[in-house]
Structures are given as C-alpha cells and as structure tokens.
Amino acid sequence: MKLYLMRHGQTEWNRIRKLQGRTDIPLNANGRYVAELTAKGLWDIPFDVAFVSPLFRARETAEIILRDRHVPIIVDERIIEVDFGGYEGKSLNLDDENLQNFFIKPECYRPVEGGETIEEILRRTGSFLEELYKNPKYQNDTILIATHGAALSGMLCNIKQWTTADFWKGGLHKNCGFSIVEVKNGIPKILEEAIVAYDEQEVLTNASQK
0 MKLYLMRHGQ
10 TEWNRIRKLQ
20 GRTDIPLNAN
30 GRYVAELTAK
40 GLWDIPFDVA
50 FVSPLFRARE
60 TAEIILRDRH
70 VPIIVDERII
80 EVDFGGYEGK
90 SLNLDDENLQ
100 NFFIKPECYR
110 PVEGGETIEE
120 ILRRTGSFLE
130 ELYKNPKYQN
140 DTILIATHGA
150 ALSGMLCNIK
160 QWTTADFWKG
170 GLHKNCGFSI
180 VEVKNGIPKI
190 LEEAIVAYDE
200 QEVLTNASQK
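Read in order, the letters of the sequence shown correspond to residues 0 to 209 in numbering that gives the first Met the number 0.
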C-alpha cells in the first residue's frame, strides 16, 4: 500500500490568512490552478482509490487531481479539518495567546466554544490510518488522501509516533503539497515528505498577473 497524503489547494481564506477549520470554503482560482499543475505532476501515479475530507475544498482538489480517471472517491469524516469553534473566521494575526499556542505550543492549546483539541485530531486521524492499514481490500493499492493542514499533520504525527508537543514539528504542508507513505504488513514508513509537484515560481507569477 502506498499513500499520498495531500493538503487541499488554496482558498480565499488561505490567501487572506483567516482560520477556516470546518467552514466550507471552496478553492479559489489559484487553488484550482495549483491543483491542475499538481495533477500534471502526478499523472503517471496509478491511483486506485481516493479518500477525502467532507469539506468541498478537499474533495475538489481530489477531483482535479483525478480528472479523466475512473478512480472512486470515498468521503471520511475522520480526515476533516480541525474545528476551531469560535476562532473560525478570525485572522491568523489575531493577538490571542491561546490561538498562537495552537501553532507554537500545541500542548498548551485549549479549544474555545466547542472547538476541537489537538488530542482529538490525533485520535480520529490515527483511527482512520489504522483502519486503512488493516483493510485487506487496499493492501496493494496506491491511495490519494485529500485533507487539510492540521489533519495531515495529525496523520504524520501518528505515523512518527510523536506527541502533542511535536504536532507542527514537520511544518505545514503547502497547498497541494503531499507526503508519500509506504505501508507493509501494517507498518507505515514515510518515503518523502512535504513535496510539491509544481513550479512555485510559476504559481507566484500567475497569481501576480491576476
């Protein structure tokens, strides 16, 4: 089994640095453009199935990557983005120590107004991976997993067996950035991490011309 763990393409809230979490923001024009470039870069990868978050930006990313291929897409709630609760829609520049802890000291972060803890992200993404590892149907498959920044970090933390304090140690994947994981006998091994399959300068040039 080989997994391609991918963050979705850019949204308008990504661009203006707003926390979106579970808010269902679609890809913007640049996000679709980057997904198209990524699709070209991954055209020779023989995907057998895709798992996606229920949020549209993740599903649309997978649909662009897999366009013109007959690959089933399965929605799984466990790889949805973190629920920021009352922080959703707030600026990332907000001067709030607890919010900054989410990114700088995740072990100290406390969710607000029904939001989700880091530990809850780790539990649900870990459950998703463990179930996938053990499913005999997918043992020889190449699988695309289209998800979100925090959910993807949660999966990588589970694979590396890192603690909550290490949640962001690997950094945030760029839009449409992905990591490749090989699973043999139920044991995952990261082959490559935080890859982009497009020319970043070309993307910057395209964005500046709009």
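For every residue, glycine included, the Cβ atom is placed at its ideal position computed from N, Cα and C.
Just so we're clear, the structure is a prediction, and the values are computed from it rather than from any experiment.
Exercise. Are the region 3 to 11 and the region 169 to 184 in contact at 8 angstroms, needing three or more beta carbon pairs?
Worked result: Counting C-beta pairs with one atom in each stretch, the region 3 to 11 and the region 169 to 184 have three or more that are closer than 8 angstroms, which means they touch.
Exercise. Where does A196 sit, in a helix, a strand or coil, going by DSSP?
Worked result: Here the question's residue 196 lines up with position 197 in the sequence shown. DSSP places A196 in coil when its eight states are reduced to three.
For this session: Tell me whether the beta-carbon of V48 lies closer than 8 angstroms to the beta-carbon of A145.
Result: Taking the sequence shown and counting its residues from 1, one reaches residue 48 at position 49. Taking the sequence shown and counting its residues from 1, one reaches residue 145 at position 146. With contacts defined by Cβ atoms closer than 8 angstroms, V48 and A145 do not form a contacting pair.
For this session: Tell me whether A28 is buried or exposed, calling it buried when 16 or more other Cβ atoms sit within 10 Å of its Cβ.
Result: Locating residue 28 in the sequence shown gives position 29, where the first residue counts as 1. A28 comes out exposed.
Problem set entry | At least 3 beta-carbon pairs within less than 8 angstroms: the region 83 to 96 vs the region 16 to 32 | A contact exists between the region 83 to 96 and the region 16 to 32.
Problem set entry | Contact under 8 angstroms by Cβ, N157 with G113 | By 1-based counting over the sequence shown, the position of residue 157 is 158. By 1-based counting over the sequence shown, the position of residue 113 is 114. No, they are not a contact pair.
Exercise. Under the rule that 16 or more other beta-carbon atoms within 10 Å means buried, what is A164, buried or exposed?
Worked result: One-based indexing of the sequence shown puts residue 164 at position 165. Answer is exposed; the Cβ neighbour count stays below 16.
Exercise. Nearest CA to the CA of S152: which residue from L131, P135, I117, L93?
Worked result: One-based indexing of the sequence shown puts residue 152 at position 153. Of the listed residues, the one whose Cα sits closest to S152 is I117.
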